[in-house]
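Counting from 2, one number per residue, gives the positions in the sequence shown under my numbering.
From the three backbone atoms N, C-alpha and C, an ideal C-beta is built for every residue, glycine too.
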Amino acid sequence: MKGIILAGGSGTRLYPLTKSVSKQILPIYDKPMIYYPLSVLMLANIKEVLIISTPRDIKIFKELLGDGKQIGMSFSYAIQANPNGLAEAFIIGKDFIGDESVALILGDNIFYGSNFGNRLKQISNNNHPATIFGCYVKDPRAYGVVEVDEMNNAISIEEKPDNPKSSYAVPGLYFFNNSVVNIAKKVKPSVRGEKEITSIIEYYLKRNQLKVELTGRGLAWLDTGTHESLLEASNFVEAIQKRQGLYIACIEEIAFRKGYINRDQLIKLAAPLIKTAYGQYLIEVGNSIK
């Protein structure tokens, strides 16, 4: 399975913060926002990742992440010239995807949960045609909403409904088989002028190929679309890390614990960061396993 991070958009809701820089470069406490979705793909055992961004911002992601070899990964890059919808990511990434299945995650989504990594690995290994998550939220009207039956089978999917049929929002994390590329090509733009991811999900739903993973109370999903939510996400990460002493979305640690890099490589990555708590944490991780 391959992974795509969609880190495009103009981020107008966060102006003036994003007037000259990508939203996904903004800090969530002690690391760039894009580290968080990248860590999700890594926890799903995905090693090949395509980062899609705007013509303006693609260079900064290349400078930040490089080719991925430093953490045992492989990063590719592509441009979405205009915000034409999430489904366009599969068209832009068709050559990258090839004949494999693919996971798409939005660059502004943050997930945290004690068993989340195991659930991600199960999903990436089960070869199911399509899997989405359903997260219980207080007001789902700003999201795609999935309705499920008593067996958690999907009944309907709606995009930002005025009268939601359930309280389960669909976060920006999707797993599809290789058919998604051809499905995306057939998606017609909505009234918003975008190729909606909901249209792809509906395709699998109508064929009884859609699986829904309800997250329950053990998983935190944070959206970062407003100034308030940016601050809340940073405060959340700070609280967890200081309380537990364990870092969220530390991509170097994940690479080390998965065996993508060895201890010497980890210590080398930590060296330029040694004046920061992040770099000191990497040293601690490396010294914890002899």
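Within 10 angstroms of the Cβ of Gly194, are there 16 or more other Cβ atoms? Answer buried if so, exposed if not.
-> exposed
Bridge partners of Asp224, per DSSP?
-> Asn110
What does a CB cutoff of less than 6 angstroms around Glu89 pick up in its chain, not counting 5 residues either side in sequence?
-> Lys196
State buried or exposed for Asn110, treating a residue as buried only when at least 16 other CB atoms are found within 10 Å of its CB.
-> buried
Determine which residues share a DSSP beta bridge with Val171 and list them.
-> Gly145
In terms of residues, what are the limits of the beta strand (DSSP E) holding Ile156?
-> 155 to 160
Status (buried if at least 16 other CB within 10 Å, exposed otherwise) for Tyr205 | buried
Within the same chain, show all residues whose beta-carbon is closer than 8 angstroms to that of Ala272, passing over the 5 residues directly before and after it, in chain order.
-> Gly280
Measure the CB-CB distance between Gly10 and Pro84 and report whether it falls below 7 angstroms.
-> yes
On the DSSP bridge assignment, give the partners of Tyr78 in chain order.
-> Ile52
In terms of DSSP beta bridges, what is Val213 paired with?
-> Ile133
Taking the alpha carbon of Gly73 as the point to measure from, which residue in Phe237, Leu270, Val286 has its own alpha carbon closest?
-> Leu270
Between Arg120 and the rest of its own chain, which residues show a CB-CB distance below 7 angstroms, the 5 nearest in sequence each way excluded?
-> Glu214
Excluding sequence positions up to five away, which residues of its chain have a Cβ less than 8 angstroms from the Cβ of Asp68?
-> Ser75, Phe76
So is Phe117 in contact with chain C if we call contact Cβ pairs under 7 angstroms?
-> Going by chain labels, chain C is absent from the structure shown, which holds only one protein chain.
Grab me the residues of Thr225's own chain with a C-beta within less than 6 angstroms of its C-beta, minus the 5 sequence neighbours each way, in chain order.
-> Asp109, Leu231, Ala234
Inspect the beta-carbon positions of Phe91 and Val182 and report whether they are closer than 7 angstroms.
-> yes
Is the CB-CB distance between Pro38 and Ile59 below 7 angstroms?
-> no
Leaving aside the five residues before and after Pro162 along the sequence, list all residues of the same chain whose C-beta is less than 7 angstroms from its C-beta, in chain order.
-> Arg142, Val146
Taking the alpha carbon of Gly1 as the point to measure from, which residue in Gly4, Asp150, Ile133, Met152 has its own alpha carbon closest?
-> The structure shown does not extend to residue 1, since the chain is modelled only from 2 to 291, so the question has no answer here.
On the three-state DSSP scale, how would you describe Ile249?
-> coil
Give a yes or no on whether the C-beta atoms belonging to Gly4 and Ile47 are separated by under 7 angstroms.
-> yes
Residues near Ile80 in its chain [Cβ-Cβ closer than 6 angstroms; skip 5 each side] | Pro56, Ile59
Can the beta-carbon of Asn209 be found less than 7 angstroms from the beta-carbon of Ser102?
-> no
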